[in-house]
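Numbered according to mature numbering (1 follows the signal peptide of the UniProt record, and there is no 0), the sequence shown spans residues -20 to -1, 1 to 435.
Glycine included, each C-beta is placed from N, C-alpha and C at the ideal position.
In what follows, a structure is listed as structure tokens, so that the remarks can point back to it.
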Amino acid sequence: MLRAAPLFISLLLVAPGLMADCLSGAEIMLFGQISYAKRQPSLWRPDGKHPYQKDNVYNDWGIHYSNRCWLVENKLDAQVSLYALAYQPYRKPKEFEKDEHRARGLIDRLSLSWTFSEKVSLEAGKLKNRSGLFYLKSPANLLNNYDSGFKASGIYDPAIKPIYREAFWGWRLTEETSEYALAFTVAPRLTHVTRRYMSSGNWSAIERANASERYLLRYTDYRSVSHTPTVSMSLGESRSLAVADSFYLTPQFAITTELAWHAQQQWRHLDNDKALQVQHYRFPSSLYRRSNKNGMEAALGGQYTTDNFSLVGMEYYFQSEGYSRSAWRKQTQLIRFLNRRTGYAPLDRAFDAWQYLMAAEIDNVANRGQLQGRHYIHAFATFRLGDRSSLQPYGVMNMQDRSLALGIHYNKPLAQLDEKMEIYTGIYRSQGNRDSEFGLFGKTTGVYSGIKYYF
């Protein structure tokens, strides 16, 4: 502490000037969106009713503030990224789509970074997880946090959607040279998740990102011209080992691959024994748990970049801990069992409570970036058009139940406003029967349009 005192005194003396410089360099973005969603009846029937509005209109608004500046020249810098989000539905959302609040503030990043030398630096504060090589699901991404978005609505622009993944409080020590990068990240446990029966968007920010103790060691090698291998090891409450690599067969065509081994399940699965207890009218304390079974994840993909920087790609993803057809069927059979009306009010209320719990558990698997099945195909593209606009089609298929999630997004900067404003629009669709992953909560079709304005 005594050695640190001169640094703190120096910061206090120069703080007014530094704050003025920081504020002058801030970036602010406003965005607004209107969307319409139409949902067909789903498998769920709590209280004998559909738990979603069959269709609805939503207005979403937001503001983003970001800044980065040196507090001590070339030694200490600060980064800030904050969001304020809100939405208003035309019709009152039903039980499965209710949010505790329709306005929310998010700390996307709030950190200090110390540069000790040209090679070594330390970041501390609220940090963003570094993404992997794959758009759908990266096995080598070993620091997954829960989603902080609303249940009923959200901003659908691909550039903004990643902000919903909660940042974590912790620190990261990095050594980076022209030949390699070595990083050690610590995300301490600061709390416990106490409301599993609710969607993660209604948890506290600390619950979404710091409810478990995690340590990550990551090494990336830059010495090869044609590929960039990475090895990651996660310790703490969950132990994992992952490798990733990208091979450039030509300057425009790349093959990416990732493989991960986990010492235990990465997400909570339905406990079949507990499900049988419910069907025999005995009520356990919970229905879902993580077991200590070893698991594997693998992903393989290819991307081609054209001369005008358009991109076309395809990915395959596999996870051993995904539900088999028979295991998934047991889950949907339990939902059907809980749909029954017995005429005995206390028992019917208990059945409804179990449905809310199951829906929240299944939803939170997706909110952590996980998938329910074992085999997936993901196709995507970004087409750069002559007026600097872009068109982004995408599609994901669960290869076990053949359910689909697909859509197309269009974005265009407005030259009339010096490209300070962008407009975007799109359509999305989830397709599958009521027993499938992407059809479990009802086939859904949505359209949206929005604007982004940069100050």
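Can you list, in chain order, the residues of its chain with a C-beta nearer than 8 angstroms to that of residue i? Leave out the 5 residues immediately preceding and following it.
i           : result
residue 435 : 7, 8, 9, 10 and 400
residue 188 : 125, 126, 127, 128, 146 and 180
residue 217 : 169, 192, 193 and 194
For residue i and residue j, which I take to be in contact (beta-carbon distance under 8 angstroms), what is that distance rounded to the nearest angstrom?
i           : j           : result
residue 180 : residue 208 : Not quite, the Cβ-Cβ distance comes to about 32 angstroms (not below 8 angstroms), so this is no contact.
residue 104 : residue 92  : 6 angstroms
residue 362 : residue 370 : 6 angstroms
residue 94  : residue 66  : 36 angstroms between Cβ atoms; not a contact.
residue 322 : residue 281 : At roughly 49 angstroms, the Cβ-Cβ gap does not stay under 8 angstroms, so residue 322 and residue 281 are not in contact.
residue 373 : residue 388 : 4 angstroms
residue 203 : residue 238 : So it is not a contact: roughly 20 angstroms between Cβ atoms.
residue 63  : residue 143 : 6 angstroms
residue 272 : residue 241 : 14 angstroms between Cβ atoms; not a contact.
residue 107 : residue 152 : 6 angstroms
residue 331 : residue 318 : 4 angstroms
residue 79  : residue 182 : 7 angstroms
Going along the chain, which residues of its own chain have a beta-carbon closer than 6 angstroms to the beta-carbon of residue i, five neighbours each way excluded?
i           : result
residue 427 : 16 and 407
residue 210 : 200 and 224
residue 285 : 232 and 291
residue 359 : 294 and 375
residue 394 : 401
residue 33  : 71 and 74
residue 186 : 170 and 171
residue 419 : 383, 412 and 413
residue 213 : 197 and 221
residue 162 : 155 and 199
residue 392 : 369 and 403
residue 278 : 239 and 298
Where does residue i land, buried or exposed, given buried means 16+ other C-beta within 10 angstroms?
i           : result
residue 253 : exposed
residue 31  : buried
residue 367 : exposed
residue 288 : exposed
residue 338 : buried
residue -8  : Note that residue -8 has pLDDT 47, beneath the 50 cutoff, so the model's placement of it is unreliable and the number below is only indicative. Exposed.
residue 376 : buried
residue 113 : buried
residue 68  : exposed
residue 324 : exposed
residue 130 : buried
residue 316 : exposed
residue 417 : buried
residue 424 : buried
residue 51  : buried
Which same chain residues end up closer than 7 angstroms to residue i when comparing Cβ atoms and leaving out the 5 residues on each side of it in sequence?
i           : result
residue 157 : 99
residue 177 : 336, 337 and 340
residue 251 : 267, 268 and 269
Would you say residue i touches the ligand ATP, meaning its beta carbon is less than 7 angstroms from a heavy atom?
i           : result
residue 250 : In the structure on display, the ligand ATP does not appear, and there are no ligands present to speak of.
Next on the checklist: Contact between the region 378 to 394 and the region 310 to 317 is defined here as three or more beta-carbon pairs at a separation below 8 angstroms; is this criterion met?
Outcome noted: no
Checklist entry - Could you give the uninterrupted runs of the beta strand (DSSP E) lying entirely in the region 135 to 173, keeping only those of 3 residues or more? => result With a minimum length of 3 residues, the continuous beta strand (DSSP E) runs that stay inside the region 135 to 173 are 148 to 156 and 160 to 167.
Checklist entry - Is the region 249 to 264 close to the region 214 to 233, with three or more CB pairs under 8 angstroms? => result no
Checklist entry - Which full runs of the beta strand (DSSP E) of 3+ residues lie inside the region 12 to 88, going along the chain? => result 35 to 52 and 56 to 69
Next on the checklist: Which runs of the alpha helix (DSSP H) at least 4 residues long sit entirely within the region 312 to 374? Give them in chain order.
Outcome noted: 325 to 347
Checklist entry - Do the region 56 to 66 and the region 20 to 27 make contact, defined as three or more Cβ pairs closer than 8 angstroms? => result Three or more Cβ pairs closer than 8 angstroms define a contact, and the region 56 to 66 falls short of that threshold against the region 20 to 27.
Next on the checklist: Using 8 angstroms as the cut-off, can you tell me whether the region 118 to 125 makes contact with the region 344 to 355, which would need three or more C-beta pairs spanning the two stretches below that distance?
Outcome noted: yes
Checklist entry - Going along the chain, which unbroken runs of the alpha helix (DSSP H) with 4 or more residues stay wholly within the region 231 to 302? => result 252 to 259
Checklist entry - Should the region 184 to 204 be called in touch with the region 158 to 174, which here means at least 3 C-beta pairs below 8 angstroms? => result Two segments are said to touch when three or more pairs of C-beta atoms, one from each, lie closer than 8 angstroms; by this definition the region 184 to 204 touches the region 158 to 174.
Checklist entry - Which parts of the region 190 to 226 are runs of the alpha helix (DSSP H), unbroken and 4 residues or longer, counting only runs that do not cross its ends? => result none
Checklist entry - Is it true that the region 131 to 139 meets the region 242 to 251, where meeting means three or more beta-carbon pairs spaced less than 8 angstroms apart? => result no
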